[in-house]
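Asks: I have a structure here, written as structure tokens, and I will follow up with some questions on it.
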Amino acid sequence: MMDTLGMAPASMTSRVTSLLGIPLDLGSHTPGARMGPAALRIAGLAPLLEELGCTVEDAGDLAPPHPVDPGFTPENAAGCLNLEQITGWTRLIHDHAYDLLARGRLPLFLGGDHAISMGTVSAVARHCQEEGRDLAVLWVDAHADFNTPETSPSRNMHGMPISFLTGDTSLRPLLGDRPLKPVPPPDIHVFGARSIDTAERRRIREYGLGCTDMRTIDEHGIATLLRPLIAEWQARDVHLHVSLDVDVMDPSLAPGVGTTVPGGMTYREAHLIMETLCDSGLVGSIEVVELNPFLDERGRSAKLLVELVGSLFGRTVLDRPAARTRAF
Ligand SMILES: [Mn+2]
Numbered sequence: 000m001m002d003t004l005g006m007a008p009a010s011m012t013s014r015v016t017s018l019l020g021i022p023l024d025l026g027s028h029t030p031g032a033r034m035g036p037a038a039l040r041i042a043g044l045a046p047l048l049e050e051l052g053c054t055v056e057d058a059g060d061l062a063p064p065h066p067v068d069p070g071f072t073p074e075n076a077a078g079c080l081n082l083e084q085i086t087g088w089t090r091l092i093h094d095h096a097y098d099l100l101a102r103g104r105l106p107l108f109l110g111g112d113h114a115i116s117m118g119t120v121s122a123v124a125r126h127c128q129e130e131g132r133d134l135a136v137l138w139v140d141a142h143a144d145f146n147t148p149e150t151s152p153s154r155n156m157h158g159m160p161i162s163f164l165t166g167d168t169s170l171r172p173l174l175g176d177r178p179l180k181p182v183p184p185p186d187i188h189v190f191g192a193r194s195i196d197t198a199e200r201r202r203i204r205e206y207g208l209g210c211t212d213m214r215t216i217d218e219h220g221i222a223t224l225l226r227p228l229i230a231e232w233q234a235r236d237v238h239l240h241v242s243l244d245v246d247v248m249d250p251s252l253a254p255g256v257g258t259t260v261p262g263g264m265t266y267r268e269a270h271l272i273m274e275t276l277c278d279s280g281l282v283g284s285i286e287v288v289e290l291n292p293f294l295d296e297r298g299r300s301a302k303l304l305v306e307l308v309g310s311l312f313g314r315t316v317l318d319r320p321a322a323r324t325r326a327f
């Protein structure tokens with residue numbers, strides 16, 4: 000069996016992989032992503048990881064918390080969609096994610112929409128600070144998710160997590176008195192973007208957020224573009240957090256998402272990202288977000304996502320011993 004499936008690298012099998020379902024879909028006007036964790040489980044996520052040699056523990060799904068008034072909030076944030084529910088969720092997610100990391104788990108967060116990242120990545124950043132490690136985030140997404148309450152045309156909070164994580168003050172009250180270690184914008188790299196709002200474009204330049212758009216990927220290819228990023232992250236021995244938004248895929252391959260954008264990644268492009276990240280040995284936490292089973296076609300998108308996670312955990316077409324030990 001291992002001969003054909005491949006095997007997860009030691010960096011991923013030395014720890015217990017913990018699945019945490021986060022059925023949150025209040026970050027946009029389109030409900031359904033709350034069913035994402037169930038669909039990913041039904042598509043066979045845990046058995047696949049076990050076949051690759053991982054020890055998997057399913058921490059179940061978080062139960063929806065009570066809404067929380069974030070207290071003093073700048074006026075522009077007060078109009079955010081579902082602000083009080085998202086505040087409750089962000090604190091709950093942060094606490095659980097932080098606990099998993101503190102217990103040495105390799106967390107695999109099952110979204111839920113991209114608003115979950117305000118809880119997950121803030122916990123990862125806090126953990127990294129305590130461990131004295133740099134954090135880098137690869138945000139594989141059609142969108143930059145770099146709006147603020149002020150710039151957002153929709154007020155949907157699933158479009159704001161990178162602003163929150165880089166320290167936007169209008170969103171800071173979401174986390175209450177928990178410590179927030181802002182991630183420097185150049186240490187977050189959006190990969191696969193093809194739908195960016197005007198204000199976001201300006202903010203990306205202004206703050207130096209990492210961003211590779213689909214045109215650049217068309218022109219240069221995945222391997223050429225990822226190589227220098229990974230080399231830099233390896234030199235710094237970062238904890239790499241991978242945030243995979245299903246909308247990065249072309250909608251013809253993954254229709255199960257509320258924010259489809261034409262011109263997305265091909266099957267092989269997405270797998271090559273995951274395979275390359277696996278070879279890097281840097282991956283310390285993962286999330287899969289925005290899967291909306293209500294919009295999916297017979298589970299196609301869920302199955303594709305599970306396959307992509309399989310590649311991230313070392314599933315291979317052929318054994319590649321040379322690539323496994325030294326890809327770059
Ligand atoms: Mn996103």
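With the numbering used here applied, the sequence shown corresponds to residues 0 to 327, in that order. Beta carbons are placed, not taken as given, at the ideal position from N, Cα and C, and that holds for glycine. Computed from a prediction, not measured in an experiment: that's the story for all the values here.
Is D196 near ligand 1, with its Cβ less than 6 Å from a heavy atom?
Replies: No, since every heavy atom of ligand 1 falls outside the 6 Å radius drawn around the Cβ of D196.
Asks: If I follow the unbroken alpha helix (DSSP H) through C277, where does it start and stop?
Replies: Y266 to S279
Asks: Less than 6 Å between the CB of D140 and some heavy atom of ligand 1, yes or no?
Replies: yes
Asks: Distance, Cα to Cα, G191 vs V247?
Replies: 6 Å
Asks: Cα-Cα, which of P73, D94, E306 and A9 is closest to L252?
Replies: E306
Asks: Within the stretch 35-65, note down every full alpha helix (DSSP H) run reaching 4 residues or more, in order along the chain.
Replies: Correct list: 35-41 and 44-50.
Asks: Assuming contact is defined by CB atoms lying nearer than 7 Å, are D94 and H113 in contact in what I supplied?
Replies: no
Asks: Tell me where the alpha helix (DSSP H) around A96 begins and ends.
Replies: L82 to A101
Asks: Which one or two residues does DSSP pair with G209 in a beta bridge?
Replies: Within the DSSP bridge table, the entry for G209 names H188 as partners.
Asks: Would the beta-carbon of A122 fall within 7 Å of that of A101?
Replies: no
Asks: Taking only three categories from DSSP, how would you classify P106?
Replies: strand
Asks: So, for G166: in the same chain, excluding its five sequence neighbours on each side, which residues have a beta-carbon less than 6 Å away from its beta-carbon?
Replies: Once the five neighbours on either side are set aside, the close Cβ partners of G166 are P181.
Asks: Can you give me the start and stop residues for the beta strand (DSSP E) that E286 sits inside?
Replies: V282 to V288
Asks: Pick out whichever of L82, V241, T223 and A42 has its Cα sitting closest to the Cα of A124.
Replies: V241
Asks: Let me check you understand the geometry: is the CB of H28 closer than 6 Å to at least one non-hydrogen atom of ligand 1?
Replies: no
Asks: Hey, would you say H188 sits closer than 7 Å to G209, going by beta carbons?
Replies: yes
Asks: Using a 10 Å radius around the Cβ and a threshold of 16 neighbouring Cβ atoms, would you call F108 buried or exposed?
Replies: That one is buried.
Asks: Specify, as a first and last residue, the run of the beta strand (DSSP E) that I21 falls within.
Replies: Going by DSSP, I21 is part of the beta strand (DSSP E) stretching over T16 to I21.
Asks: At the level of alpha carbons, what is the spacing between D217 and A38?
Replies: 31 Å
Asks: Classify T54 as buried or exposed, calling it buried when 16 or more other Cβ atoms lie within 10 Å of its own Cβ.
Replies: exposed
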